[in-house]
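Working notes, beginning with the structure itself.
2 protein chains.
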Amino acid sequence: MINWNNLDTLRSFSKLKALKDRVNLPEAMAGEAGAARVAKYSVPIACGLSYNYAAKAVDDEILDLLGELAAEAQLTEKYAALYNGEMINTGEKRLVLHQLTRGQLGEPVIADGVDKRAFYAAEQKKAAAFAEKVHAGEITNAAGEKFTTVVQIGIGGSDLGPRAMYLALENWARQNGCFKLEARFISNVDPDDAAYVLKTIDLPHALFVLVSKSGTTLETLTNESFVKDALRNKGLDPAKHMVAVTSETSPLAKSSDYLAAFFMDDYIGGRYSSTSCVGGVVLSLAFGPEVFDRFLKGAHAADLTAKETDLRRNPAMLDAMIGLYERNVLGYPVTAVLPYSQALSRFPAHLQQLDMESNGKHVNRFGEPVSYPTGPVIFGEPGTNGQHSFYQLLHQGTDVVPMQFVGFRENQAGMDVVIQGSTSQQKLCANVAAQIMAFACGKQDANPNKSFDGGRPSSIIIGKQLTPEALGALLAHFENKVMFQGFCWNLNSFDQEGVQLGKLLAKRVLAHDTDGALRAYSDLLAI
Amino acid sequence: MINWNNLDTLRSFSKLKALKDRVNLPEAMAGEAGAARVAKYSVPIACGLSYNYAAKAVDDEILDLLGELAAEAQLTEKYAALYNGEMINTGEKRLVLHQLTRGQLGEPVIADGVDKRAFYAAEQKKAAAFAEKVHAGEITNAAGEKFTTVVQIGIGGSDLGPRAMYLALENWARQNGCFKLEARFISNVDPDDAAYVLKTIDLPHALFVLVSKSGTTLETLTNESFVKDALRNKGLDPAKHMVAVTSETSPLAKSSDYLAAFFMDDYIGGRYSSTSCVGGVVLSLAFGPEVFDRFLKGAHAADLTAKETDLRRNPAMLDAMIGLYERNVLGYPVTAVLPYSQALSRFPAHLQQLDMESNGKHVNRFGEPVSYPTGPVIFGEPGTNGQHSFYQLLHQGTDVVPMQFVGFRENQAGMDVVIQGSTSQQKLCANVAAQIMAFACGKQDANPNKSFDGGRPSSIIIGKQLTPEALGALLAHFENKVMFQGFCWNLNSFDQEGVQLGKLLAKRVLAHDTDGALRAYSDLLAI
């Protein structure tokens with residue numbers, strides 16, 4: 055029997071609040087005791103990744119209580135309910151099945167008369183077969199020439215996740231002989247976005263992937279028209295240059311406007327769709343279906359780890375609970391995500407959507423206002439770049455911002471250079487290690503402007519190399535972290551009603567059906 | 055006589071604190087009174103840009119008091135002291151002269167025996183002449199072929215600002231016949247960053263701009279070696295493919311390793327260097343010196359507006375004071391920057407550095423801890439993309455995040471499409487207008503999950519088009535805003551001691567001179 059209770063009604067949460075400021079991080083991380091923490095506070099995720107939380111302001115007693123809270127909040131049971139097909143997205147009355155796009159986690163889930171795991175696997179297979187035909191030159195442009203570029207048209211979850219995943223694997227694919235097509239992305243309704251992409255690609259050899267679950271996303275349909283105009287202006291037939299990724303019930307599903315259509319369904323939220331054919335078509339075209347399959351395997355492996363009932367062996371749950379401690383006990387409103395990997399340059403932007411759209415809510419799953427803070431603001435840039443930018447505030451600002459680092463022992467591209475006795479990769483890794491310690495322990499100086507208080511908590515996910523499997527595991531880790539936090543806060547993490555009002559008002563502006571300040575702004579903007 | 059006092063010692067600040075939660079934003083912005091606010095609460099910046107703060111939670115009484123506070127904090131006098139050459143960066147004992155890279159604002163500033171405005175102008179001229187020779191084919195590769203790509207090697211201020219400015223004008227330049235060379239950027243010490251750029255450019259026709267003020271930035275020197283190796287491996291002479299941007303006293307200044315050297319000095323902080331030759335060389339090469347000159351003119355025009363003593367006629371000061379009210383009276387720790395312009399996709403990343411590195415500090419300019427919050431966390435992505443991502447939290451999250459929108463009436467690329475009766479540009483503008491009102495006024499609904507409380511404050515900078523002049527004015531607006539806020543908080547906004555400790559520890563890691571937890575992390579990362 056699952057109980058959906060607010061966080062502040064849970065007994066263990068009251069106990070947890072008494073443990074505020076219990077850990078003195080500079081002391082805890084000093085000397086050999088600090089080294090012992092690094093060894094002890096580490097847990098494998100999957101595919102060679104591990105989550106290390108030594109530099110978080112926790113100790114065994116807090117961890118015990120976080121475990122108690124996780125149990126009281128029934129996180130494992132709720133996760134099982136989700137992957138076994140209960141209606142977790144109550145607001146929209148939908149199942150939540152993105153984990154099933156990469157594997158079966160529990161009982162078969164039958165919905166709309168089909169086995170959902172089989173459905174997602176079949177769509178992945180369709181995408182794979184299509185990609186292989188494109189690569190083999192069996193599907194070509196009208197002149198019989200191979201496609202060289204794939205352009206995804208989509209916004210939000212149809213853009214941020216797939217784009218971040220593409221960038222994450224591009225160097226790896228080039229180095230490992232599986233770089234097939236260059237991918238580009240059009241998302242913004244700003245016409246300059248599409249104009250730029252269209253001006254800088256080889257249009258006759260471009261294949262477009264139109265992604266909209268509903269088939270009604272205004273930005274995406276507008277950009278589709280934009281692209282079709284450009285194709286026609288070059289004497290090209292749009293129907294020979296475009297596929298659709300949509301739901302079976304959408305107007306795009308059976309249109310002869312597309313070379314092919316690939317399906318997801320209402321049980322895959324946009325921000326959780328990178329492992330569905332929303333990511334699958336573009337990534338299979340770019341890197342081959344085998345790479346995409348390896349990516350899914352990594353995600354599935356992390357989903358399995360997330361089933362662990364022992365908090366200390368479940369990195370996604372642990373990450374969630376430590377984040378909750380930081381948000382609801384220590385009171386920190388922001389979390390920085392800092393990957394020491396240029397390939398993950400857009401991963402923070404994806405996490406922004408994943409986390410802030412899922413848990414940036416102030417009513418619980420029953421529509422009742424909650425009286426505690428929920429999802430934090432998420433931001434980040436890759437290191438070492440960020441060190442030369444906003445780290446000043448992270449080190450010496452008046453507010454504490456918890457951090458999540460990501461680092462890999464090996465680079466992707468296999469090129470490096472030795473300067474001053476070390477490789478670039480070693481410098482990169484030395485910097486992330488150094489930052490963790492500088493943030494945790496600080497350093498006193500006679501000049502207060504050069505003093506660092508420390509006590510700024512961070513975790514790090516460490517892997518050998520950012521491979522397709524590791525990327526899949528990394529993605530699923532954060533998805534599951536966000537899911538567990540949503541359960542704790544008693545939110546529906548799978549709807550996004552907060553985006554509706556703006557859409558509605560924009561329509562009124564375009565219909566010139568406005569007055570007051572909205573009319574005044576519209577005039578200023580010459581609409 | 056200038057007094058450098060902490061914010062909380064100012065009489066008008068005490069009065070201001072009494073005006074917390076005075077404005078009910080949903081009410082203030084409703085009906086025709088809201089329209090009147092939109093008309094009234096607007097001030098020109100320069101070059102057709104205006105700053106509209108109608109949807110900020112201020113009224114005339116608060117504005118009067120903010121004006122009083124600005125006067126008591128002597129913002130105008132401090133700005134004048136800065137551009138007249140007083141030693142404002144006291145920690146590093148340096149003048150602060152970035153405004154002089156674009157024009158003279160006060161008396162001639164003589165330092166190191168030269169007139170500084172003349173020095174910056176001469177360097178700009180040198181860069182212009184060099185760029186023209188490259189464009190004319192007078193400076194070529196060893197084979198006598200024209201360069202087609204310029205690659206900036208730099209990090210932090212040598213990367214974020216110039217990169218953001220390049221992206222901001224690329225479409226505009228293509229449309230207006232002044233796109234000369236494609237620009238690329240290498241910044242991260244992650245070897246995959248340089249590897250990717252080198253794999254995807256036409257190396258024999260690439261010209262590299264090495265940017266390091268000190269000539270000792272580890273990331274940049276490492277990437278220089280990386281690039282030189284790649285050039286030599288192709289049988290190319292690095293000295294024929296590289297220029298340096300540095301200070302006259304740096305080891306790079308007189309090296310025969312470079313085709314030419316261009317100079318800034320210690321009075322230009324990295325994050326303020328886009329209008330020096332740090333931005334000037336790459337932008338003049340990419341778009342021609344005339345475009346760069348127009349960009350400088352826009353920045354200078356905004357610098358002039360920032361001299362206004364009447365707060366209501368000084369948009370940078372007004373933006374600063376409203377931000378201060380939000381940070382120190384209303385208690386908001388984060389600000390979102392949301393440009394409705396794909397060309398400004400990396401502008402928020404530049405502002406992150408500009409703002410967070412300048413004012414993310416907890417000791418005042420005398421090294422004494424301050425007891426009030428200083429610089430906020432800054433993040434943002436272009437709209438409408440963000441609407442499909444993190445806006446959920448901005449609309450319905452438990453915390454209020456003040457916002458700064460930017461919008462333009464016209465696009466840059468001159469391509470558009472009419473769908474459902476409106477152009478993409480109109481849709482873009484309709485969305486930003488709609489968002490401002492949705493955030494300000496919200497909307498009640500019988501379903502609490504579909505209710506919006508409103509009361510989420512925002513401003514918008516509106517322009518006709520993102521031209522070089524408008525971009526310059528936009529950049530200078532934010533630089534001056536950050537400067538004024540730093541004055542109010544009594545900070546030295548022009549040093550960055552917070553980045554030093556991490557560098558120091560990273561060196562120790564690379565020298566294997568570590569123990570305890572730092573050693574343990576180093577081992578995990580296989581350094």
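Residue numbers (the working numbering), protein chains in the order written: chain U, 55 to 581; chain X, 55 to 581.
Beta carbons are placed, not taken as given, at the ideal position from N, Cα and C, and that holds for glycine.
Just so we're clear, the structure is a prediction, and the values are computed from it rather than from any experiment.
Three or more pairs of CB atoms, one per stretch, sit closer than 8 Å, so the segment 504 to 515 of chain X contacts the segment 454 to 467 of chain X. By the rule that beta-carbons nearer than 8 Å mark a contact, U/Y137 does not touch chain X.
Closest in C-alpha terms to U/E278, from the list U/G434, U/D118 and U/Q206, comes U/Q206. When only Cα atoms are considered, U/V281 and X/A249 end up about 32 Å apart. Below the 7 Å Cβ cutoff, chain X contributes Q450, G451 and T452 as neighbours of U/H416, in chain order. The alpha-carbon of U/E236 is positioned some 11 Å away from that of U/H259. At least 8 Å separates the CB of U/T194 from every CB of chain X.
Contacts with chain X at 8 Å (Cβ-Cβ) do not include U/G102. With fewer than 16 other Cβ atoms inside 10 Å of its own Cβ, U/K308 counts as exposed.
Cβ-Cβ separation between U/K267 and U/G324: approximately 7 Å, consistent with a contact (criterion under 8 Å). With a cutoff of 8 Å on beta-carbon distance, X/V112 and X/V150 are scored as not near each other.
Taking U/F444 as reference, the option from X/L408, X/K74, X/V251 and X/T300 with the minimal CA-CA separation is X/L408. DSSP lists X/V391 and X/S513 as the bridge partner or partners of X/Q458.
Looking from the CA of U/L384, the closest CA among U/I56, U/T271 and U/K71 belongs to U/K71. Against chain X, a Cβ distance below 8 Å from U/Y95 picks out nothing, because the smallest value is about 10 Å.
Counted as a single uninterrupted DSSP element, the alpha helix (DSSP H) harbouring X/F541 occupies residues P522 to W543. With 16 or more neighbouring CB atoms inside 10 Å of its own CB, U/N544 falls in the buried class. Taking a Cβ-Cβ cut-off of 7 Å, X/G385 has no neighbours in chain U, whose nearest Cβ is about 10 Å from it. Taken in chain order, the complete alpha helix (DSSP H) segments of 4 residues or longer contained in the segment 282 to 368 of chain X are 331 to 341 and 343 to 359. Residue pairing by DSSP places U/I473 opposite U/S476 in a beta bridge. Note that the segment 418 to 430 of chain U does not touch the segment 389 to 396 of chain X; fewer than 3 beta-carbon pairs, one per stretch, sit closer than 8 Å.
Within the model, the alpha-carbon separation for U/Q489 versus X/L285 is close to 33 Å. About 7 Å separates the beta carbons of X/R366 and X/L372, which is inside the 8 Å limit, making them a contact pair. Under the Cβ distance rule, U/Y107 does not count among the residues neighbouring chain X, no pair being separated by less than 8 Å.
Beta-bridge annotation (DSSP): U/D169 is paired with U/I164. Per DSSP, the unbroken beta strand (DSSP E) holding X/R238 starts and ends at E236 to I240. At least one C-beta of chain X is nearer than 8 Å to the C-beta of U/K497. Taking 8 Å as the CB threshold, X/V471 lines the interface with chain U. Taking 8 Å as the CB threshold, U/A134 stays off the interface with chain X. In the three-state scheme derived from DSSP, where H, G and I count as helix and E and B as strand, X/K132 is classed as helix. The C-beta distance from X/A100 to X/A500 rounds to 47 Å, too long to meet the 8 Å contact threshold. The secondary-structure analysis by DSSP pairs X/K497 across a beta bridge with X/F506. With a beta-carbon spacing of about 5 Å, U/V536 and U/S412 fall inside the 8 Å limit used to define contacts. Bounds of the beta strand (DSSP E) holding U/L264 are A260 to V265. One finds L555 in chain X with Cβ atoms closer than 7 Å to the Cβ of U/F506, taken in chain order.
Along the segment 547 to 574 of chain X, going in chain order, the ones with a CB nearer than 9 Å to a CB of chain U are D549, Q550, E551, G552, V553, Q554, L555, G556, K557, L558, L559, A560, K561, R562, V563, L564, A565, T568, D569, G570, A571, L572, R573 and A574.
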